[in-house]
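Residue 2 is where the sequence shown starts when you use the numbering used here, and the numbers rise one by one after that. A short write-up of the structure that comes next.
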Amino acid sequence: MIRQDGFNYEFDSSKCDECGGKCCTGESGYIWISEDEIRSLGEYLGYKPELIKEIFLEKFDNKYSIKEKPYQNGWACIFFDEKNKNCSIYEYRPKQCRTFPFWEHFKKNYKELERECIGVRQL
Ligand code: SF4
Numbered sequence: 002m003i004r005q006d007g008f009n010y011e012f013d014s015s016k017c018d019e020c021g022g023k024c025c026t027g028e029s030g031y032i033w034i035s036e037d038e039i040r041s042l043g044e045y046l047g048y049k050p051e052l053i054k055e056i057f058l059e060k061f062d063n064k065y066s067i068k069e070k071p072y073q074n075g076w077a078c079i080f081f082d083e084k085n086k087n088c089s090i091y092e093y094r095p096k097q098c099r100t101f102p103f104w105e106h107f108k109k110n111y112k113e114l115e116r117e118c119i120g121v122r123q124l
C-alpha cells in the first residue's frame, strides 16, 4: 500500500494488473508532458523531440498534451496498449501519470477517483 502525506487515501498498485487501464481511458482529458519528458521519450523511441510532438502530441498555448484515440465508448491515451491493457511507454510516462492517483484534484473529489481507480482505499 502506498500512502502520501496530505492524502486521506492509500493506493494498492498491484490492482493495476486487473483494472484494464481506467486511468488511461474513458473521458477525454489532458495528459501533460514536459519538454524534458518529450526529450527522454524521444530518445527511447528513437525520434527527435520535434517528431514526437508532431506524431504523438497536441499543443495548447505553449504546453503539450499526449494525443488520444477513440477507445470503446470513449477515449484512450495514444500510448495505451489495447491488447495488454497497459502503458506502452511505462518507464517514460510523464509525471502526471507517475503521480496518479495522488493528485491535488482528488483530495476533494475522492468519489470521482473511486470510480476511476479500483486500487484506492480511504483511510
Ligand atoms: S502515457 Fe501511459 S500511463 Fe500515461 S495516460 Fe498514456 S498510457 Fe496511461
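All residues carry an ideal CB built from backbone N, CA and C; glycine is no exception. Model, not experiment: these values are computed from the prediction.
**OP:** Return yes when the Cβ of W104 is within less than 8 Å of the Cβ of E28, no when it is not.
**Re:** Along the sequence shown, one-based indexing puts residue 28 at 27. Along the sequence shown, one-based indexing puts residue 104 at 103. No, Cβ-Cβ distance for E28 and W104 is not below 8 Å.
Original post:
When the Cα atoms are used, what is the spatial distance from F57 to I79?
Top reply: Start at 1 with the first residue of the sequence shown, and residue 57 comes out as number 56. Start at 1 with the first residue of the sequence shown, and residue 79 comes out as number 78. So the two alpha carbons sit approximately 7 Å from each other.
Subject >> Boundaries (first-last residue) of the alpha helix (DSSP H) holding F107 >> reply: In the sequence shown, counting from the first residue as 1, residue 107 sits at position 106. Residues 105–108.
Original post:
For the alpha helix (DSSP H) that contains C98, what are its first and last residues?
Top reply: Here residue 98 refers to the residue found at position 97 of the sequence shown. Element bounds for C98: 96–99.
**OP:** Consider the C-beta atom of F57 and the heavy atoms of the ligand SF4; say whether any pair is separated by less than 7 Å.
**Re:** Locating residue 57 in the sequence shown gives position 56, counting from the first residue. For F57, the distance from the CB to the nearest heavy atom of the ligand SF4 is not below 7 Å.
Original post:
Contact between the region 50–64 and the region 103–123: three or more CB pairs below 8 Å?
Top reply: Contact between the region 50–64 and the region 103–123 is absent, because fewer than three Cβ pairs lie under 8 Å.
**OP:** Compute every distance between the C-beta of I3 and the non-hydrogen atoms of the ligand SF4, then say whether any falls below 7 Å.
**Re:** Stepping through the sequence shown from its first residue, residue 3 is reached at position 2. The answer is no for I3.
Original post:
How should G47 be labelled, buried or exposed, when 16 other C-beta atoms within 10 angstroms of its C-beta is the threshold for buried?
Top reply: Taking the first residue of the sequence shown as position 1, residue 47 is located at position 46. With fewer than 16 other Cβ atoms within 10 Å, it is exposed.
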